[in-house]
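In the order they appear, the protein sequences are chains G and L. Residue 122 in my numbering is what sits at position 122 of the first sequence, and the numbering runs on without skipping anything. For any residue, its number in my numbering is found by taking its place in the second sequence, counting from 1, and adding 1000. The beta carbon of each residue, even a glycine, is placed where N, CA and C say it ideally should be.
2 protein chains.
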Amino acid sequence: MNILIIGGAGMIGRKLAERLARDGRLGEQAITGLTLYDVVEGAVLAGARVPVRLRTGDLPAPGEAARLVADRPHIIFHLAAIVSGEAEQDFDKGYRINLDGTRALLEAVRQAGYVPRLVFASSIAVFGAPFPEAIGDEFFSTPLTSYGTQKAICELLVSDYTRKGFLDGVSLRLPTICVRPGAPNKAASGFFSNIIREPLAGKEAVLPVADSVMHWHASPRAAVEFMRHAATLDTAAVGPRRALTMPGLAVTVAEQIGALRKVAGDKVAARIRREPDPFVEKIVAGWPRAFDARRALALGFRPDGSFEEIVRIHVEDELGGRIE
Amino acid sequence: MNILIIGGAGMIGRKLAERLARDGRLGEQAITGLTLYDVVEGAVLAGARVPVRLRTGDLPAPGEAARLVADRPHIIFHLAAIVSGEAEQDFDKGYRINLDGTRALLEAVRQAGYVPRLVFASSIAVFGAPFPEAIGDEFFSTPLTSYGTQKAICELLVSDYTRKGFLDGVSLRLPTICVRPGAPNKAASGFFSNIIREPLAGKEAVLPVADSVMHWHASPRAAVEFMRHAATLDTAAVGPRRALTMPGLAVTVAEQIGALRKVAGDKVAARIRREPDPFVEKIVAGWPRAFDARRALALGFRPDGSFEEIVRIHVEDELGGRIE
């Protein structure tokens, strides 16, 4: 089995690639080749048990997607995207990469005349406030960003190309990924990870919203599992509605901090400094708080066990078990 | 006020144009020019009180949309589309006209740097079974045709371009138009109109489904009113969710026939021949039956008063009041 990861240098793409390369198989089948494609070249995977190829390019450029699927990868993970803030600032770039790039990929597969499994990374940004306390599987997509619009459009395309038999696609609406490794970023959602990651690394973190703010989270490890499960799932059970809200954990900031305290103690939890920011508070008030993701649960997708587990996953996977 | 109708040679486009040209005004404002654009040239409008220009072209062709909005029409009605059956048979053509054409129009407006009102004709085909008995305003779009997919995508684009301030758009999900004038067509939905139109013209009509089948209807006159209302509506009241399900009448085939009998008598109603067609029955079983269109009602859109009124509208507008 030959696998292509588009967005292979990104955070989830990289972790997914590491996992696949280490396992050497996916589901019942051995992996014969793994291609990591991105706009920038990813780092070489250490200890890979399968041949790994690194490729770079510009997905929506003419002929690019066709070249990418020329060796007919059995499974395509499409995780590449211009992120929300940038897509909002640069309207053309967002549509070009997030919509035209995805459409070029779908069309290249159709033209290649074979039917791979496609796992498309969508987002809860397809939803826009106001919404019910827990958003159900049949709630409508009314994105309030261009990024969310592009993801919602691609979900529709994936379903239509699937319905027509051109490919076998599934769109996964990922929760906010927490704890996101790396440096603190300026994204409005950054604090959800910052308040866990920074204190664990011995640094102070700023909390710009009230402790009562609730949000929908999944660990990077859970996200990788969603991808792997979607790649081997019996899609006959999914039916024609190919966009699935992934199960996450609805937790408040207070519960996040409580979990941090349990895992790392009072001293670490005390590194969070409250500094309310009305601008961030307003943005976050428009975000989903919780979902009722019963379709995905019925299809075997599994959320993290608890936010404590999410904290422990970060300590294990990113800090080698060591807390400052 | 300068008005552009894209799809001006189509059934609704034509009726809308006739109405606007006859009134010479829309809402508070006088119409200074009316351009009817279509892939084929429409017939000249008799008795127009405003200058009418007929143009033909291929909307998604490079530069075409830019030329079309070069004189900055204040109101753009976009009704042009490859219909459902053809978009399903010719995948490329459907996406090219219904998606790329619409996107080219939105982009041309953005590049022109002014903010017209755009009224986009969407469809209840954005919904796909299974659905609740009456589909509410927050029910999700899961189209089961490429046509429905293209309409759903365009709704998202119209909302995003509106949110960004590039135009002021509203998408109207039209009910099935009944009674559709002209020759019986082969569309699976054709019988809803055939069973009224043909008997009124002294001809026999075939009913391929059970009398208990319920569907969602609006007269051509109501559709024209939806368009006119959307063109002058205060869109601040619409908010960012720019796709609106138009109010129709949920009536069964039995109720349709009952209305025909009331308007035209037993002799006319007896011209309907029941000839169940399992193929059509299966298609129709996947269609929406009824909606709860309360957002549109609150915004002042009005359904036909009764199916009897729908029959009378056909007799008045298409038959000059005469029943065979």
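For residue i, does the three-state DSSP call read helix, strand or coil?
i	result
L/V1280	helix
L/N1185	coil
G/L299	coil
G/H74	coil
G/V52	strand
L/I1272	strand
G/A66	helix
G/G47	coil
G/S219	coil
G/S306	coil
L/I1313	helix
G/T176	strand
G/I196	helix
G/D168	strand
G/I12	helix
G/L144	coil
G/A237	helix
G/V83	coil
G/R322	coil
L/F1091	helix
L/A1243	strand
L/L1157	helix
G/L59	coil
G/A17	helix
L/F1291	strand
G/P30	The residue asked about is misnamed: residue 30 of chain G is Ala in this sequence, not Pro. In this structure, G/A30 counts as strand in the three-state DSSP scheme.
Let me confirm a value: residue i is counted as buried when at least 16 other C-beta atoms fall within 10 Å, else exposed. Which label applies?
i	result
G/Y114	exposed
G/P303	buried
L/A1285	exposed
G/P132	exposed
L/P1278	exposed
G/K93	exposed
G/V179	buried
G/R242	buried
L/V1263	buried
G/Q89	exposed
G/E198	buried
G/R273	exposed
G/V109	buried
G/T56	exposed
L/P1276	exposed
Determine, using beta carbons only, whether residue i comes closer than 8 Å to chain G.
i	result
L/R1273	no
L/L1156	yes
L/F1140	yes
L/R1067	no
L/D1160	yes
Span of the beta strand (DSSP E) holding residue i?
i	result
L/G1033	G1033 to D1038
G/S212	Unbroken run through G/S212: none, as it is neither H nor E.
G/F120	R117 to S123
G/I97	Where G/I97 is concerned, there is no enclosing beta strand (DSSP E), given that its DSSP letter is neither H nor E.
G/A205	A205 to L207
L/L1004	N1002 to I1006
Is the Cβ of residue i closer than 8 Å to any Cβ of chain L?
i	result
G/K267	no
G/L299	no
G/K15	no
G/P62	no
G/K282	no
G/F91	yes
G/D292	no
G/K164	yes
How far does the alpha helix (DSSP H) with residue i in it reach, from first residue to last?
i	result
L/R1257	Contrary to the premise, residue 1257 of chain L reads as Ile rather than Arg in this sequence. Looking at the DSSP string, the run of the alpha helix (DSSP H) that includes L/I1257 is V1253 to A1264.
L/A1108	T1102 to A1112
L/F1139	From DSSP, L/F1139 is part of no alpha helix (DSSP H); its letter is neither H nor E.
Residues of the stretch 142-153 of chain G with Cβ closer than 8 Å to any Cβ of chain L, in chain order: T142, P143, L144, S146, T149, A152 and I153
Chain-ordered residues of the stretch 124-136 of chain G with a beta carbon less than 8 Å from chain L: G128
Cβ-based contacts, 9 Å cut-off: residues of the stretch 177-201 of chain G near chain L: none
Contact list for the stretch 223-242 of chain G against chain L, Cβ threshold 7 Å: P240 and R241
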